[in-house]
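Each remark here refers to the structure printed beneath this line.
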Amino acid sequence: MRAAAGVGLYFTGNGAVFAALLPWYPLLVDRLGLSSWQFGLVVACFAGGSLLSSVLPAALIARFGAHRVVIVGTVMLGVAASATAWSVNGVMMAICLLLLGCCDAIVDVAQNVVGISVQERAGRTILSSMHALWSLGGLLSGAAATAAASSGADMRAWLGLIGVAAVVITIVGRRLIGDYASPRRVADSDAAPVGRGGDGAVGRSKRMVLWAALPLAIVAICGAAVEDIANNWAGLAAVEFAGVPAASAGIAFSIVIGSQCLGRFSGDVLVTRFGAGRIARLGGGLIAVGGVGIIAAQEPVLLLVSMGALGFGSATLVPGALGAAARLPGVGRAGGVTLVNWLMRVGYLGTSPLVGVVATGAGLRWGLGILVLVGLLTVVFANRLDVRRT
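Okay, here's the thing in structure tokens:
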């Protein structure tokens, strides 16, 4: 299906931009002289920037349409990622990541609204596969960036090249989608007020929607926390735990994203067969086991196998939560996805600072122990992914 392929290109381009930056983190840490807690605070600015987006995604989609938001947002992502390579201190790097996070949150909601619109018109589950293509874009981009870093390539030129490529991929995706789905019309028709009538009734209705969205956000936070830890700490863990050279540390991130990609490509079939909640519970168990393996790892094999368990276990969590958010009663697709997406980003804002603080005081192994808690929380709340619109 051309439209599904086009949406897949949206996700692929989005995944490629940020992943191109991550393998350079160990080199940036060395160049800028950042400690563990400083690095944790700096990379948390990505999540902080996403919080600044607030209600912007739904408003921009209603005003300009989801397709335009995706394309312009991708341009801004490329600019922000490229600017990070020019950082001369931690403050400049933090500002670049702040802008990167804000743009990423906006593009993320817009491309998911497009994907959900195409999915509903097609009458079959495709969202997990779309997120798999995000993982694939990240995997290929991360692997290429790792090779570039290992060969001594110029970071600034590399990130600029990836930014341009992502914009081209996104434009091609827009042409493939054509008029198959109109996310702007979908957003306008479904973004009805949460409540009508008196202020008291509206307030109660909003609270009901928030309580319904909260468990979905917790599951999404768990999935995003795994990605955040893989983004920011997998490379450092590979260096510290397994003695991997800093220039090759991106292999750990690539393992997480690669296994996540495999899990997402198989996710649509598994969710259709067994249900989103059951698959998410299984994923939570894998995350917990993977966390234990990372804590215990003394050599590369156990560490990388555990990283693979994290990626596969987290595969369906975010797409499952966002798909369920689009079916929340009383809000439209854009509104539901924006709400859960924003809550998700609020929740994992503290992930990297928490890991950094614990790592500074007790060591990185203890800091990464948060992964076990993430897995257990997923198991507890996974059944809420089976929500149906009423």
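If you're matching positions, the sequence shown starts at 11 in the working numbering and goes up one per residue. Quick reminder that beta carbons are idealized off the backbone N, C-alpha and C, glycines included.
Can you give the beta carbon distance from residue i to residue j, rounded, assuming they're within the 8 Å contact cut?
i    : j    : result
A392 : G294 : 6 Å
V382 : G301 : 4 Å
R273 : T326 : First, the amino acid is wrong: residue 273 is Gly here, not Arg. Contact holds; Cβ gap of about 7 Å.
V79  : A120 : 4 Å
V128 : I136 : 7 Å
G50  : V367 : 7 Å
G173 : V82  : With a Cβ gap of about 13 Å, G173 and V82 do not count as contacting.
L149 : S324 : Rounded, the Cβ-Cβ distance is 14 Å, inconsistent with contact.
What separation, rounded to the nearest whole angstrom, lies between the Cα atoms of residue i and residue j?
i    : j    : result
R355 : G253 : 32 Å
G360 : I228 : 14 Å
A167 : T94  : 12 Å
G100 : A30  : 19 Å
I91  : H77  : Just to set this straight, residue 91 is Ala in the shown sequence, not Ile. For A91 and H77, the distance between alpha carbons rounds to 21 Å.
A223 : R394 : 9 Å
L107 : A286 : 32 Å
A69  : S63  : 10 Å
A256 : Y20  : 31 Å
S138 : A14  : 12 Å
W221 : G385 : 22 Å
T22  : S145 : 7 Å
R291 : T388 : 6 Å
L87  : R288 : 35 Å
L353 : A157 : 35 Å
A26  : I181 : 15 Å
T282 : I239 : 29 Å
Out of the options, point me to the one whose CA is closest to residue i's CA.
i    : options                : result
A331 : L246, V384, A234       : A234
C419 : R217, R283, W376, V65  : Because the chain here runs from 11 to 400, residue 419 falls outside it and cannot be looked at.
S316 : F322, G323, Q308, I304 : I304
M140 : G277, A335, A157, L169 : G277
R41  : D114, V98, A259, V85   : V98
Helix, strand or coil for residue i? Go by DSSP, reduced to three states.
i    : result
R291 : helix
G188 : coil
A307 : coil
D164 : coil
S199 : Summary for S199: the model assigns pLDDT 44, below 50, so the residue's position carries little reliability; its value from the coordinates is reported in the next sentence. Reduced to three states, the DSSP call for S199 is helix.
V204 : Caution is warranted here: a pLDDT of 47 is assigned to V204, below 50, making its placement in the model unreliable, and the coordinate value is therefore given only provisionally. V204: coil per DSSP, three-state reduction.
T388 : helix
S97  : coil
L137 : helix
L359 : coil
P225 : helix
M11  : coil
L378 : coil
L61  : helix
R131 : helix
Does any CB atom of chain B fall closer than 7 Å to the CB of residue i?
i   : result
L31 : Of the chains in the structure shown, none is chain B; there is only one protein chain.
Segment contact, 8 Å Cβ cut-off, at least three pairs: the region 160–174 with the region 264–281: Of all C-beta pairs linking the region 160–174 to the region 264–281, fewer than three are shorter than 8 Å, placing the two stretches out of contact.
Three or more C-beta pairs below 8 Å linking the region 339–354 and the region 241–259: Fewer than three beta-carbon pairs drawn from the region 339–354 and the region 241–259 are found closer than 8 Å, and the two stretches are therefore not classed as touching.
Stretch pair the region 148–159 + the region 48–60: three plus CB contacts closer than 8 Å: Contact between the region 148–159 and the region 48–60 is absent, because fewer than three Cβ pairs lie under 8 Å.
Three CB pairs or more closer than 8 Å across the region 42–54 and the region 362–376: Yes, since at least three Cβ pairs between the region 42–54 and the region 362–376 fall closer than 8 Å, the two stretches touch.
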